[in-house]
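A.B. asks: Numbering (our numbering), first residue to last: 5 to 477.
Note that beta-carbon positions come from the ideal geometry of N, C-alpha and C, so glycine has one too.
For clarity, every value in this text was computed on a predicted model and none was experimentally measured.
1) Please go through the same chain and pick out, in chain order, the residues whose beta-carbon is closer than 7 angstroms to the beta-carbon of residue 148, but skip the five residues on each side of it.
2) Go through its chain and collect everything with a Cβ distance to residue 207's Cβ below 7 angstroms, but skip five positions before and after it.
3) Which residues does DSSP list as the beta-bridge partners of residue 478?
4) For residue 404, which of helix, strand or coil comes out of DSSP?
5) Beta-carbon within less than 7 angstroms of residue 3's beta-carbon, same chain only, minus the 5 sequence neighbours each way: which residues are those?
6) Could you check what DSSP says for residue 137 in three-state terms: helix, strand or coil?
7) Take residue 290 as the anchor and find which of 104, 462, 99 and 449 has the nearest alpha-carbon.
8) If you count every other CB in all the chains shown that lies within 10 Å of the CB of residue 100, and 16 or more means buried, which is it?
9) Taking all protein chains shown into account, do 16 or more other C-beta atoms lie within 10 angstroms of the C-beta of residue 463, making it buried, or fewer, making it exposed?
10) Roughly how many angstroms lie between the CA atoms of residue 146 and residue 431, to the nearest whole one?
11) Does the Cβ-Cβ distance between residue 424 and residue 174 come in under 9 angstroms?
12) Please classify residue 235: does DSSP put it in a helix, a strand, or coil?
13) On the premise that residue 105 lies in contact with residue 60, defined as a C-beta separation below 8 angstroms, what is that separation, rounded to the nearest angstrom?
14) Please tell me whether residue 299 and residue 344 are closer than 9 angstroms, where the distance is taken between their beta carbons.
15) Which term fits residue 461, buried or exposed, when burial requires 16 or more other beta carbons within 10 angstroms of its beta carbon?
16) Check for me: the alpha helix (DSSP H) holding residue 126 runs from which residue to which?
17) Looking only at C-alpha atoms, which of 258, 408, 352 and 416 sits nearest to residue 469?
18) Starting from residue 42, trace the alpha helix (DSSP H) in both directions and tell me its first and last residue.
19) What would DSSP say about residue 296, mapped onto helix, strand or coil?
20) Under three-state DSSP, which class holds residue 318?
21) What span of residues does the alpha helix (DSSP H) with residue 344 cover, start to end?
22) Could you tell me the alpha carbon to alpha carbon distance between residue 419 and residue 219, rounded to whole angstroms?
23) Taking only three categories from DSSP, how would you classify residue 151?
24) Whose CA, out of 472, 474 and 281, lies closest to the CA of residue 184?
25) Identify which residue in 179, 272, 152 and 139 has its Cα closest to the Cα of residue 190.
26) Is the distance from the Cβ of residue 346 to the Cβ of residue 426 below 9 angstroms?
27) For the alpha helix (DSSP H) containing residue 279, name the first residue and the last one.
28) How would you call residue 154, buried or exposed, if buried means at least 16 neighbouring beta carbons within 10 angstroms?
29) Taking just the CA atoms, how far does residue 224 sit from residue 217?
30) Since residue 98 is in the alpha helix (DSSP H), which residue starts that stretch and which ends it?
31) Could you check if residue 200 is buried or exposed, using at least 16 other CB atoms within 10 Å of its CB as the buried criterion?
32) Report all residues from its chain with a CB closer than 6 angstroms to the CB of residue 284; omit the five preceding and five following residues, and keep chain order.
33) Assuming contact is defined by CB atoms lying nearer than 9 angstroms, are residue 169 and residue 294 in contact in what I supplied?
34) If I follow the unbroken alpha helix (DSSP H) through residue 426, where does it start and stop?
35) Among the candidates 287, 139 and 126, whose CA atom is the shortest distance from the CA of residue 38?
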């Protein structure tokens with residue numbers, strides 16, 4: 005009897021796997037909009053792909069796969085997977101596996117991005133494909149992923165590296181937009197509480213957080229000069245640090261100009277401090293990819309330099325002006341840069357998934373006001389209640405979508421490329437495709453992205469002044 009009930013229980017979930025997100029949540033879950041739940045599920049799929057990439061980079065995985073009888077070819081050559089039941093385990097681990105998993109995720113979201121162009125309401129048949137059929141979507145992802153491992157090496161790895169560099173650079177800009185949106189939201193929330201009452205308390209909070217962010221940025225600049233430059237070299241790093249520091253000062257001054265405050269009274273130093281710290285992070289991330297080990301010390305060497313006593317030149321085996329060479333960095337996902345990059349990715353993806361569509365920056369990024377209605381999360385609840393059912397997820401997009409389906413999938417497409425580059429430390433595959441090393445293109449992509457981010461933020465400040473007749477509210 006229990007087995008029959010179990011089968012019936014499983015069978016009851018089959019329609020949920022093929023329909024929309026309205027029956028995904030359990031009865032103990034709070035009521036949510038269909039738009040939010042759908043984005044969270046896609047984000048969860050993205051997280052699963054990221055976790056798979058991390059597993060493929062874990063040391064010892066190749067040896068464990070080789071121990072499975074009849075699974076591997078028996079060695080780690082450079083061939084491609086075969087259809088006779090044997091696979092090349094060297095392709096299933098390391099950066100090659102990360103490239104192929106990311107390729108599958110990217111292609112999946114890119115196809116959906118193209119399919120969802122022009123969807124305006126949930127009544128569109130394509131909206132049902134976006135909000136439902138999860139079982140078949142998972143099968144599609146798995147199928148593309150398996151097929152990706154049969155792609156011959158050839159030019160694939162090198163070409164996908166350059167595609168990943170460009171796509172990850174674009175996602176860095178999206179991170180900036182989400183950060184600006186978050187900063188504006190926090191600033192507006194605190195200013196509203198200051199106006200409602202207890203203004204001294206919230207003013208102290210605003211001042212403390214802003215000061216703390218600027219202090220952290222200043223400390224970062226000092227540490228950059230100490231550890232990522234030397235008196236007789238590292239000219240590029242000196243330029244990167246100084247130039248970005250000057251740009252951050254200029255942006256901070258622009259944010260409090262009387263002319264800007266006249267058109268945007270709620271813009272201020274809190275947003276600028278967040279952008280400044282984010283720019284310092286991008287500067288450090290770029291310098292961490294330099295191939296010159298003299299100007300790009302590892303975190304372990306920096307910690308050793310801080311904690312260990314200074315060795316006098318008389319007792320040193322090398323002259324004082326010659327830095328001690330470091331061994332090349334190994335490809336590990338738990339590298340400091342990778343960890344911070346993944347944390348940024350997770351926070352941005354979650355924020356974009358749960359953020360209300362009424363937010364200004366996200367709305368400007370994901371929707372155009374002339375062709376799509378902007379609704380509150382409560383829109384559409386009434387039609388679901390009339391059915392007499394207890395719905396934990398309601399369709400709140402019958403009169404207009406809450407976000408651009410096409411752009412959301414495109415963002416996840418770029419996010420998959422960002423994860424790929426982050427887990428591989430932005431390293432470039434060498435000619436023999438057996439190792440990957442740091443290269444200057446990754447450095448310049450990150451630096452250009454930081455400059456573009458500052459330019460974009462500056463435009464959000466001065467746009468209402470330059471175009472006074474346009475509504476930016």
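C.D. replies: The structure says:
1) Here residue 148 refers to the residue found at position 144 when the chain shown is read from its first residue. These residues qualify, in order along the chain: 108, 111 and 112.
2) For the purposes of this step, residue 207 is taken as the residue at position 203 of the chain shown. Contacts found: 198.
3) What is shown of the chain runs 5 to 477, which leaves residue 478 out entirely.
4) By 1-based counting over the chain shown, the position of residue 404 is 400. The DSSP-derived three-state label of residue 404 is coil.
5) The structure shown does not extend to residue 3, since the chain is modelled only from 5 through 477, so no value can be given for it.
6) Here residue 137 refers to the residue found at position 133 when the chain shown is read from its first residue. Annotated three-state conformation of residue 137 is coil, per DSSP.
7) The count along the chain shown starts at 1 and reaches residue 290 at position 286. Residue 449 is the option with its Cα nearest to residue 290.
8) Counting from one through the chain shown, the residue named residue 100 turns up at place 96. Buried, since its Cβ has 16 or more Cβ neighbours within 10 Å.
9) As a working note, residue 463 is residue 459 in the chain shown. Taking every protein chain shown into account, the CB of residue 463 has fewer than 16 other CB atoms within 10 angstroms, so this residue is exposed.
10) The sequence position of residue 146 within the chain shown is 142, counting from 1. The sequence position of residue 431 within the chain shown is 427, counting from 1. Across the structure, residue 146 and residue 431 are spaced so that their CA atoms are roughly 26 angstroms apart.
11) What you label residue 424 is simply residue 420 of the chain shown in a count that begins at 1. What you label residue 174 is simply residue 170 of the chain shown in a count that begins at 1. Not a contact, by the Cβ cut-off of 9 angstroms.
12) Here the question's residue 235 lines up with position 231 in the chain shown. Reduced to three states, the DSSP call for residue 235 is coil.
13) If you number the chain shown from 1, residue 60 lands on position 56. If you number the chain shown from 1, residue 105 lands on position 101. Between residue 105 and residue 60 the Cβ distance is about 7 angstroms, and since that is below 8 angstroms, they are a contact.
14) The residue given as residue 299 occupies position 295 in the chain shown. The residue given as residue 344 occupies position 340 in the chain shown. No; because the gap between Cβ atoms is not below 9 angstroms, this pair is not in contact.
15) To locate residue 461, count along the chain shown from 1; it is residue 457. Result: buried.
16) Counted from its first residue, the chain shown places residue 126 at position 122. Counting along the chain, residue 126 falls outside any alpha helix (DSSP H), and DSSP gives it neither H nor E.
17) For this step, residue 469 is matched to residue 465 along the chain shown. The candidate whose alpha carbon is nearest that of residue 469 is 258.
18) Within the chain shown, numbered from 1, the residue matching residue 42 stands at position 38. 38 to 60 is the span of the alpha helix (DSSP H), which, as asked, contains residue 42.
19) Start at 1 with the first residue of the chain shown, and residue 296 comes out as number 292. If DSSP states are grouped into helix, strand and coil, residue 296 belongs with coil.
20) Looking up residue 318 in the chain shown gives position 314. The pLDDT assigned to residue 318 is 43, lower than 50, so where the model puts this residue is not dependable, and the model offers no usable value.
21) Counting from one through the chain shown, the residue named residue 344 turns up at place 340. It spans 340 to 358 - the alpha helix (DSSP H) in which residue 344 sits, taken as one unbroken run.
22) Looking up residue 419 in the chain shown gives position 415. Looking up residue 219 in the chain shown gives position 215. Cα to Cα, residue 419 sits roughly 30 angstroms from residue 219.
23) Mapped onto the chain shown, residue 151 falls at position 147. Helix.
24) To locate residue 184, count along the chain shown from 1; it is residue 180. The option with the nearest alpha carbon to residue 184 is 281.
25) Residue 190 sits at position 186 when you count from the first residue of the chain shown. Nearest option by C-alpha distance: 272.
26) Position 342 of the chain shown, counted from the first residue, corresponds to residue 346. Position 422 of the chain shown, counted from the first residue, corresponds to residue 426. The answer is yes: Cβ separation under 9 angstroms.
27) For this step, residue 279 is matched to residue 275 along the chain shown. Note, residue 279: alpha helix (DSSP H), 273 to 291.
28) Your numbering for residue 154 matches position 150 in the chain shown. With fewer than 16 Cβ atoms within 10 Å of its Cβ, residue 154 is classed as exposed.
29) Position 213 of the chain shown, counted from the first residue, corresponds to residue 217. Position 220 of the chain shown, counted from the first residue, corresponds to residue 224. Rounded to the nearest angstrom, the two C-alpha atoms are 11 angstroms apart.
30) Indexing the chain shown from 1 puts residue 98 at position 94. That run of the alpha helix (DSSP H) goes 98 to 119.
31) The residue labelled residue 200 in the question sits at position 196 within the chain shown. Residue 200 comes out exposed.
32) For the purposes of this step, residue 284 is taken as the residue at position 280 of the chain shown. Annotation for residue 284: 221 and 224 place their beta carbon closer than 6 angstroms to its own, counting only its chain and skipping 5 residues before and after.
33) Taking the chain shown and counting its residues from 1, the one referred to as residue 169 is at position 165. Taking the chain shown and counting its residues from 1, the one referred to as residue 294 is at position 290. Not a contact, by the Cβ cut-off of 9 angstroms.
34) As a first step, residue 426 must be located in the chain shown, where it is residue number 422. Element bounds for residue 426: 409 to 427.
35) Taking the first residue of the chain shown as 1, we reach residue 38 at position 34. For residue 38, the nearest C-alpha among the options comes from 126.
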